[in-house]
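These notes are about the structure you will find just below.
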Amino acid sequence: MFDGIKVQDVSVSVDGLLTNDRLTFGGLVDMQMGFVLNPEQRAQDRGLNFRLVPRRAGLGHRVEVKGSLHKFYNNGLHNADQYTANDVLLTLDRLVTEYGFNLYESKINNIEFGVNVELPFAISQVFANLICYKNQPFASDPYSQTPYYTCNRQRYTVKIYDKGKQKGLGCNLLRFEIRVKKMQYFNGTGIRLRTLADLLNVANYGPLGALLVDTFDAILFDDPAISQKVLTPNERTLYKECRNPRYWPTPNNLTPKQAATHRQRMSRSKDRFRALLHQYGSNWQRDVSTLIRQTWAQLTAVDDDLLTQIETYKSAWRNLPKPDVLNGVCSENTVSDEGETCHKLTGSIDTDEVPVDGPTCHELTDVADAGLSRINPLCSEVLCDTGKSDQPPAPPTVCPVTGAVINQPQPGQRFVSAAMLRTNDDLLLTLERQHRQYAKGSKEDEYSRAAHNVRNKESNERNNLRRRIERNNFRQHLEQHSQTTGGQLPLFPEFGAFQLTDAQRAALDYWKGTPYEVKF
Numbered sequence: 001m002f003d004g005i006k007v008q009d010v011s012v013s014v015d016g017l018l019t020n021d022r023l024t025f026g027g028l029v030d031m032q033m034g035f036v037l038n039p040e041q042r043a044q045d046r047g048l049n050f051r052l053v054p055r056r057a058g059l060g061h062r063v064e065v066k067g068s069l070h071k072f073y074n075n076g077l078h079n080a081d082q083y084t085a086n087d088v089l090l091t092l093d094r095l096v097t098e099y100g101f102n103l104y105e106s107k108i109n110n111i112e113f114g115v116n117v118e119l120p121f122a123i124s125q126v127f128a129n130l131i132c133y134k135n136q137p138f139a140s141d142p143y144s145q146t147p148y149y150t151c152n153r154q155r156y157t158v159k160i161y162d163k164g165k166q167k168g169l170g171c172n173l174l175r176f177e178i179r180v181k182k183m184q185y186f187n188g189t190g191i192r193l194r195t196l197a198d199l200l201n202v203a204n205y206g207p208l209g210a211l212l213v214d215t216f217d218a219i220l221f222d223d224p225a226i227s228q229k230v231l232t233p234n235e236r237t238l239y240k241e242c243r244n245p246r247y248w249p250t251p252n253n254l255t256p257k258q259a260a261t262h263r264q265r266m267s268r269s270k271d272r273f274r275a276l277l278h279q280y281g282s283n284w285q286r287d288v289s290t291l292i293r294q295t296w297a298q299l300t301a302v303d304d305d306l307l308t309q310i311e312t313y314k315s316a317w318r319n320l321p322k323p324d325v326l327n328g329v330c331s332e333n334t335v336s337d338e339g340e341t342c343h344k345l346t347g348s349i350d351t352d353e354v355p356v357d358g359p360t361c362h363e364l365t366d367v368a369d370a371g372l373s374r375i376n377p378l379c380s381e382v383l384c385d386t387g388k389s390d391q392p393p394a395p396p397t398v399c400p401v402t403g404a405v406i407n408q409p410q411p412g413q414r415f416v417s418a419a420m421l422r423t424n425d426d427l428l429l430t431l432e433r434q435h436r437q438y439a440k441g442s443k444e445d446e447y448s449r450a451a452h453n454v455r456n457k458e459s460n461e462r463n464n465l466r467r468r469i470e471r472n473n474f475r476q477h478l479e480q481h482s483q484t485t486g487g488q489l490p491l492f493p494e495f496g497a498f499q500l501t502d503a504q505r506a507a508l509d510y511w512k513g514t515p516y517e518v519k520f
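In terms of the UniProt record's numbering, the sequence shown opens at residue 1 and continues consecutively.
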C-alpha cells in the first residue's frame, strides 16, 4: 500500500520534537570554537528522518519528515510484509500521539504506493523481459545489491525490484510501486491526496489501485514463450525490433514534426507487438497484473468496523489543539489547566494518582520555559584538534554552482555528489529542471547525471573558450602556411591574435603551469 513519504513542512511543535525522548537531533558544530557549520538539525526514528530547517523569514524552523511509513509501523525493521489500511490507521495515530502531528495541516509533497506480490515463478523472468514504459527504457540502479529497475518520468517514477532478495527472504517477492514526485500527477484521476489525513480517505483506494494496475499494464514486456520459428518474416522482423529497448526512445535530433511522426509510428508498432504477444505468448504479464489487483484489493479492504474506527480516530484528531509552529507552543484552545494531560493523546487520568501508562504529550502538559532543551539539539560531528586551538574554524564547503553546503566533504571535493543528491530530493528536482536537455540518451542514473551536470556547468565555460581559441589559431595557421609553404604546417606554429576579457583570462589561468596552458 503506502510506503515512502515526504512532508516538507509538518504542522507540529518544534519545541515538542526537541524535547521528545524518542528523538535526538544533531547538527554539524565545531566544538572548539562553537561555530555552527550547518544550521540544519537531523534525527531518525524507526525509518523516519526528521530535519529542522531554518525558515527564510527567520521565524523558527520548518520540520521536514521523510521515510517509510511501512517501516515505521514495523518499528524500523523492514517493509517486506503486507501493509493494510488498518496498519495505516495505527501508523498515523502513532504520529499524532508520539510526535503531536497535525495530520490535517501537514501537506504531502511525495508519496509512494504499491504492493509486494509473491510470484509463482522466478522474479528474474520479469527483469529479463523488461523492455520499456511509455517508450522509455528502464534504468538499473548500480548501487543496489539486488535487481532494482526504475523509469523516471517528470512527475513520477515507476519502480520494480526484487523485495525478497533485498530482505533475504526465501520467496519470489516482487515489489511494484509508483513514487510520486509531484502531486500534480493525481490531477484528473479523481484521487484527492493532499494531507496526511487523506491517507485514510477510503474513496482514494479504488482509483489508486486502478492507477497502479494500469501503469503495470502499460509496461512493455517480452515473452520467453514466443518461438521465432512460428513467426512469419514480417512478424519476426517486428518482434526483433520491438523487443529491443533501444528501439523505442525518440531521437534527440528530430524536429517537432518529425518527433510527432515518430511517436505515431511507435504507437502503431506497440499495438502490433502487443497483438503478437497475445497471439503467440503465454500472457504472463496479465497473470502478474491480476495478482497486483488482488493484492491491492486485500490491502485496502475496509469493513464496517474498520470504517467506524477510521471515522472515530479522524474525529479525535480533528478536535486536537493546533500547535503554534513558529513559537513551539499550543494555541489558545488548548488545555486550560497546566496540571492536566491531554486525554486524547495520553489516555484517561487516574484520580488516585496512579501513573498514566503510555507516552505523554510534552507540548500539552509541560510546556518548556525559554531555556535550553533537555536534549542538546547540537552534537559534534567534527573532531576537535586540541593542538591547534588558536586557529579559526574552517569555513563550510559550499558548492559554487548550487550553493548547497557539503557536509563532511571528501578531500578536494567542491561540488555536490550523487550520494548527496540521493538524500536531497528538492535539489535533485531543481537540477533536473535546469539540465533537462541532457537527460535523453544518458546512460547514467538520475543522481550521477545531475552531479555530472553540476561539474560540467562550472568547467564548460573555460573548456569551450580554450577549444575556441585553439580552433581559431589552427585556422589561422592553415591560411598562413598554405600561402607560404604550399600547405605544409610548421613544427611550432605561432599563435594568432584573440581578444579576451579579464574574466576570460582568469578562466584560462586554470591551466596555468599545465600542459594545457594557453599561451599568448
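Even glycine gets a Cβ: it sits at the ideal position worked out from N, Cα and C.
- Task: Can you have a look at residue 15 and say buried or exposed, based on whether 16 or more other CB atoms are within 10 angstroms of its CB?
- Result: Start at 1 with the first residue of the sequence shown, and residue 15 comes out as number 15. So residue 15 ends up on the buried side.
- Outcome for residue 34 when other beta-carbon atoms lying within 10 angstroms are tallied against a minimum of 16: For the purposes of this step, residue 34 is taken as residue 34 along the sequence shown, with counting starting at 1. Looking at its Cβ environment, which holds fewer than 16 other Cβ atoms inside 10 Å, residue 34 is exposed.
- Would you decide whether residue 190 is buried or exposed? Buried here means 16 or more other CB atoms lie within 10 Å of its CB. The count along the sequence shown starts at 1 and reaches residue 190 at position 190. The residue in question, residue 190, is exposed, as its Cβ has fewer than 16 Cβ neighbours within 10 Å.
- Message: Only counting the same chain, and skipping five residues up and downstream in sequence, which positions put a Cβ closer than 7 Å to that of residue 355?
- Response: Taking the sequence shown and counting its residues from 1, one reaches residue 355 at position 355. Model confidence at residue 355 stands at a pLDDT of 46, short of 50, so the residue's coordinates are unreliable; what they give is reported in the following sentence. Result list for residue 355: empty, nothing under 7 Å.
- Helix, strand or coil: how does DSSP classify residue 264 here? Here residue 264 refers to the residue found at position 264 when the sequence shown is read from its first residue. Helix.
- Taking the C-alpha atoms as reference points, what is the distance between residue 154 and residue 303? Along the sequence shown, one-based indexing puts residue 154 at 154. Along the sequence shown, one-based indexing puts residue 303 at 303. Between residue 154 and residue 303, the C-alpha separation is close to 37 Å.
- In three-state terms, what does DSSP make of residue 452? Start at 1 with the first residue of the sequence shown, and residue 452 comes out as number 452. In this structure, DSSP gives residue 452 a helical state, which the three-state scheme calls helix.
- Identify every residue that forms a DSSP beta bridge with residue 52. Numbered from its first residue, the sequence shown carries residue 52 at position 52. Answer is 41, 63, bridged to residue 52.
- Going by CA-CA distance only, name the one from 499, 67, 53, 32 that's closest to residue 47. What you label residue 47 is simply residue 47 of the sequence shown in a count that begins at 1. Proximity to residue 47 across 499, 67, 53, 32 peaks at 67, based on C-alpha coordinates.
- Message: Looking at the secondary structure, which residues open and close the beta strand (DSSP E) in which residue 6 lies?
- Response: Position 6 of the sequence shown, counting from 1, holds the residue named residue 6. It spans 2-7 - the beta strand (DSSP E) in which residue 6 sits, taken as one unbroken run.
- Query: Would a C-beta distance cut-off of 8 Å place residue 526 and residue 273 closer than the cut-off?
  - Reply: Residue coverage of the chain in this structure runs from 1 to 520, which leaves residue 526 outside it and unanswerable.
- Task: Name the two residues that bound the continuous beta strand (DSSP E) containing residue 159.
- Result: Counting from one through the sequence shown, the residue named residue 159 turns up at place 159. Note, residue 159: beta strand (DSSP E), 156-162.
- Rounded separation between residue 444 and residue 43 - CA only: In the sequence shown, residue 444 corresponds to position 444, counting from 1. In the sequence shown, residue 43 corresponds to position 43, counting from 1. Computed Cα separation, rounded: 31 Å.
- Whose C-beta lies closer than 7 Å to the C-beta of residue 181 among residues of the same chain, with five residues either side of it excluded? Along the sequence shown, one-based indexing puts residue 181 at 181. So the list reads 110, 155, 156, 157, 429, once near-sequence residues are dropped.
- Other residues of its chain near residue 307: CB distance less than 6 Å, five sequence neighbours each side excluded: As a first step, residue 307 is located in the sequence shown; it is residue number 307 there, counting from the start. Cβ within range, chain order: n/a, list empty.
- Reduced DSSP secondary structure (H/G/I, E/B, other) of residue 242: Taking the first residue of the sequence shown as position 1, residue 242 is located at position 242. Here residue 242 sits in helix by DSSP.
- Mapping DSSP to helix, strand and coil, what is residue 107? As a first step, residue 107 must be located in the sequence shown, where it is residue number 107. If DSSP states are grouped into helix, strand and coil, residue 107 belongs with the strands.
- If you check the beta carbons only, do residue 162 and residue 142 fall under 8 Å apart? In the sequence shown, residue 162 corresponds to position 162, counting from 1. In the sequence shown, residue 142 corresponds to position 142, counting from 1. In this structure, residue 142 does not lie closer than 8 Å to residue 162 by Cβ.
- Task: Return yes when the Cβ of residue 451 is within less than 8 Å of the Cβ of residue 418, no when it is not.
- Result: To locate residue 418, count along the sequence shown from 1; it is residue 418. To locate residue 451, count along the sequence shown from 1; it is residue 451. Less than 8 Å separates the beta-carbon of residue 418 from that of residue 451.
- Would you mind reading off the limits of the alpha helix (DSSP H) that contains residue 194? If you number the sequence shown from 1, residue 194 lands on position 194. Looking at the DSSP string, residue 194 is not in any alpha helix (DSSP H), and its letter there is neither H nor E.
- Task: Using alpha carbons as the reference points, say which of 446, 36, 61, 49 lies closest to residue 432.
- Result: As a position in the sequence shown, residue 432 is number 432, starting the count at 1. Out of 446, 36, 61, 49, 446 has the C-alpha closest to the C-alpha of residue 432.
- Query: How big is the Cα-Cα spacing for residue 77 and residue 414?
  - Reply: In the sequence shown, the residue the question calls residue 77 occupies position 77. In the sequence shown, the residue the question calls residue 414 occupies position 414. Those two C-alpha atoms are separated by around 36 Å.
- Item | Buried/exposed call for residue 312, threshold 16 Cβ in 10 Å | In the sequence shown, counting from the first residue as 1, residue 312 sits at position 312. Exposed is the call here.
- Item | residue 292 beta carbon less than 8 Å from that of residue 212 | Within the sequence shown, numbered from 1, the residue matching residue 212 stands at position 212. Within the sequence shown, numbered from 1, the residue matching residue 292 stands at position 292. Yes.
- Sheet register partners of residue 137 (DSSP bridge): Taking the first residue of the sequence shown as position 1, residue 137 is located at position 137. Paired residues: 132.
- Query: DSSP state of residue 148, grouped into three classes?
  - Reply: Here residue 148 refers to the residue found at position 148 when the sequence shown is read from its first residue. In this structure, residue 148 counts as strand in the three-state DSSP scheme.
- According to the neighbour-count rule (16 or more other Cβ atoms, all chains shown, within 10 Å of its Cβ), is residue 298 buried or exposed? Locating residue 298 in the sequence shown gives position 298, where the first residue counts as 1. Its Cβ having fewer than 16 others within 10 Å, residue 298 is exposed.
- Query: At a cut of 8 Å, does the region 124-137 reach the region 231-251 through at least three beta carbon pairs?
  - Reply: yes
- DSSP state of residue 274, grouped into three classes? Numbered from its first residue, the sequence shown carries residue 274 at position 274. Three-state result, residue 274: helix.
- Message: Comparing C-alpha positions only, which one of 117, 55, 235, 196 sits nearest to residue 104?
- Response: Your numbering for residue 104 matches position 104 in the sequence shown. Taking only the C-alpha atoms, the option nearest residue 104 is 196.
- Going by Cα to Cα distance, which pick from 116, 36, 3 is closest to residue 295? Counting from one through the sequence shown, the residue named residue 295 turns up at place 295. Taking only the C-alpha atoms, the option nearest residue 295 is 116.
- Task: Take residue 174 as the anchor and find which of 284, 219, 100, 124 has the nearest alpha-carbon.
- Result: By one-based count along the sequence shown, residue 174 stands at place 174. Selected option, being the one with the closest Cα: 124.
- Report yes if the CB atom of residue 4 is closer than 8 Å to the CB atom of residue 179, and no otherwise. The residue you call residue 4 lines up with position 4 of the sequence shown. The residue you call residue 179 lines up with position 179 of the sequence shown. Going by C-beta atoms, residue 4 is nearer than 8 Å to residue 179.
- Item | Under the three-state DSSP convention, the category residue 252 falls into | Translated into positions along the sequence shown, residue 252 becomes position 252. It is coil, neither helix nor strand.
- Compute the Euclidean distance between the alpha carbons of residue 84 and residue 118, then round it to the nearest angstrom. Residue numbering aside, residue 84 sits at position 84 when the sequence shown is read from its first letter. Residue numbering aside, residue 118 sits at position 118 when the sequence shown is read from its first letter. Residue 84 and residue 118: Cα-Cα distance of roughly 16 Å.
- Task: Decide if residue 90 is buried, meaning its Cβ has at least 16 other Cβ atoms within 10 Å, or exposed.
- Result: Within the sequence shown, the letter at position 90 stands for residue 90. Classification of residue 90: exposed, given that the 10 Å Cβ count is below 16.
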